[in-house]
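Residue numbers (this note's numbering): 4 to 199. Okay, so here's the structure we're looking at.
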């Protein structure tokens, strides 16, 4: 009888340990990270789709600013050539390349906005103002989506690293911590310079 009691006790302890191992929690957080990443890509796609309209509107008013417009078109093309999906999350180099391409596109769009400031007629055009508002809204949505992604990666990484879920993550699910967004391009310790 004592052997049966001992076996039952060990079984109960193992069952209690397994339910507290965090398996489902880790799976849920992995899905949250993937969902947040999908939203980041969705917002980048929105910006990518909006750019041709913006460029065509500006072309009609500032045709002599071809260099700036060409930089936007080339940056958009570079972003469009990248193949990005959920597997990018597990490849730090691919994530870095994606971030660099997006930073290049954002920089080209900033230069375009400086061109707009030089041409009052363009700023006064209702179509351009609508597109400018859309672009600004898109950039804000991208920032929100990236913030949500960063938060979900932080929560996920803590679960992967904290005991006892780190045991489940490492030995059962073979999960690793994920990379998050890092600032790119211009240094963030000083404001960008705009000169006319």
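Glycine residues also receive a C-beta, built at the ideal position from the N, C-alpha and C atoms. None of the values given here were measured: they were computed from a predicted structure.
So, at 7 angstroms on beta carbons, what are the nonlocal neighbours of residue 181 in its own chain, with the 5 sequence-adjacent residues on each side left out? Here the set comprises 36, 92, 156, 159 and 160.
Quick one: what does DSSP say residue 116 is sitting in, helix, strand or coil? Annotated three-state conformation of residue 116 is helix, per DSSP.
How big is the Cα-Cα spacing for residue 44 and residue 151? So the alpha carbons of these two residues sit roughly 12 angstroms apart.
Residue 79 to residue 100 span [Cα, whole Å]: Inter-residue distance for residue 79 and residue 100 is about 14 angstroms (C-alpha atoms, whole angstroms).
Does residue 112 pass the burial test, meaning 16 or more other C-beta atoms within 10 Å, or should it be called exposed? When all chains shown are included, residue 112 counts as buried.
Please report the straight-line C-alpha distance between residue 175 and residue 13, rounded to a whole angstrom. Taking the straight line from one Cα to the other gives about 21 angstroms.
Could you say which of 10, 171 and 86 lies nearest to residue 30 if we only look at CA atoms? Of the candidates 10, 171 and 86, the one whose C-alpha sits nearest the C-alpha of residue 30 is 171.
Presumed contact (8 angstroms Cβ cut-off) between residue 153 and residue 184, rounded CB distance: The pair is a contact, with the Cβ atoms about 6 angstroms apart (cut-off 8 angstroms).
With a floor of 4 residues, list each alpha helix (DSSP H) that falls wholly inside the stretch 66-109, ordered by position along the chain. Listed in chain order, they are 69-84.
C-alpha gap between residue 42 and residue 76, whole angstroms: When only Cα atoms are considered, residue 42 and residue 76 end up about 24 angstroms apart.
CB contact flag (residue 81, residue 109, <8 angstroms): Not a contact, by the Cβ cut-off of 8 angstroms.
For the candidate residues 47, 88, 149 and 169, whose alpha-carbon lies nearest to that of residue 24? Nearest C-alpha to residue 24: 169.
Specify the secondary structure class of residue 132 as computed by DSSP and reduced to three states. Here DSSP, grouped into helix, strand and coil, assigns residue 132 to helix.
Tell me whether residue 147 is buried or exposed, calling it buried when 16 or more other Cβ atoms sit within 10 Å of its Cβ. Of the residues assessed, residue 147 falls on the exposed side of the cut-off, its CB having fewer than 16 other CB atoms within 10 angstroms.
Beta-carbon proximity list for residue 54, same chain, < 6 angstroms, skipping 5 on both sides: Around residue 54: 79.
Compute the Euclidean distance between the alpha carbons of residue 198 and residue 116, then round it to the nearest angstrom. The predicted position of residue 198 is uncertain, since its pLDDT is 39 and thus under 50; a value taken from the coordinates is nonetheless stated next. Distance between the alpha carbons of residue 198 and residue 116 is about 12 angstroms.
Looking only at C-alpha atoms, which of 88, 162, 56 and 106 sits nearest to residue 135? When each option's Cα is compared against that of residue 135, the closest is 56.
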